[in-house]
Amino acid sequence: MTPPDRLGPKDPPAVPRLSASLVVINHRNEVLLVQRNPQARSFAGAHVFPGGNYDAKQDTSLAMTAIRETFEESGLLIATNDSSIDLDNASLDQSRRAIHRQKTDFHTFLRNHSLKPDLASLHPFTTWVTPPISSRRFRTQFYVTFLPNFVPTGFSSGHREERLPTPDGGLEVIAARFIRPEDAVAEFRARHINLMPPQYYILETLRQLLPEHTSTPEQRERIALLSRGPFGQLVINPKSHRDPSSHKEFFVYEGDELRGGPTGRLHRAAVTRKGTVFAEIELQRNFDIFTEDMSCSCDSKL
């Protein structure tokens, strides 16, 4: 029997839905993770970065999708305030509940409070496409954004906001918290949380780039530089491969030697699954992500 999340051998591939996800980094080099509702249709129970599907009626871009979904799922608002009137946390929570109940929409909320989404603060950080075997496919643009080096009590004029993230009452997420990338990876390895390969890949990348417990301008500029280069524009289409000698499963990514890259170059993840959950993920990547362009893979062996 074909698993419910997979297509049968004769089924045509599903068209990936456009979506966006936002990696929010605070001044302690912690990233925002939300835990999906165990009853959710996609990524049930997994820890992910906030995000969701592109909505043509609400979103002018995928960056807007990322900002809107982050507010809906966690209550964090990536925006600037042109008004001299402060917007406190109680007002933000009230507006968020109204959006959930469809009594208003995100754009009306922004307009009524003289807010502007801070689209320029989002840095592209790879795009991931769900493999064709899956019945529910997404083309997800990931972004990184940095919160300011202070924690205001409300939303002050001219400033972007950081406040404690909160879940959305179980509609989509049941928990939200900031955590250091290295701690998130450690919790996954200890099987305390569930991660999917894209989230693991990004967390492992940030773990290497953010070794300190306090964010520095140099670290932030380094990530912005990475975003402006080939890595930020990289589209990853994972290809499943099982090693005939070890029988271990791999997701092979663009630029790997099995995807047309030079002999010896590794860009893959070794994975172990237990049902629909990934019990183990190990990223194998042995090239400079700042300088090498992985987007072109010719003569793939898969």
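Using UniProt numbering, the first residue of the sequence shown is number 1, and each one after it goes up by one. We treat Cβ as the ideally placed atom computed from N, Cα and C, and that holds for glycine.
Exercise. Give the DSSP bridge partners of S121, in chain order.
Key: Beta-bridge pairing links S121 to no other residue.
Quiz item: Taking the Cβ atom as the reference point for each residue, do F125 and Q58 lie within a distance shorter than 8 Å?
Solution: no
Practice problem: Give the DSSP-derived three-state secondary structure of A56 in the structure shown. | Solution: coil
Quiz prompt | Among R136, I99, T145 and H113, the one whose alpha carbon lies nearest that of L119 | solution = T145
Quiz item: If you follow the alpha helix (DSSP H) that E221 is part of, which residue opens it and which one closes it?
Solution: P217 to R228
Quiz item: What are the boundary residues of the alpha helix (DSSP H) that includes S95?
Solution: N89 to H100
Exercise. Counting only the same chain and skipping the five closest in sequence on each side, list residues whose C-beta sits under 8 Å from that of A279.
Key: R191, T272 and R273
Practice problem: Label D93 either buried or exposed according to how many other C-beta atoms from any shown protein chain fall within 10 Å of its C-beta, with 16 as the threshold for buried. | Solution: exposed
Quiz prompt | Residues near R17 in its chain [Cβ-Cβ closer than 6 Å; skip 5 each side] | solution = N53 and F138
Exercise. Apply the 10 Å Cβ neighbour rule to V235 and answer buried if 16 or more other Cβ atoms are within range, or exposed otherwise.
Key: exposed
Quiz item: Taking the alpha-carbon positions, what's the E292 to P230 distance?
Solution: 7 Å
Quiz item: Between which two residues does the alpha helix (DSSP H) harbouring Y200 extend?
Solution: P197 to L209
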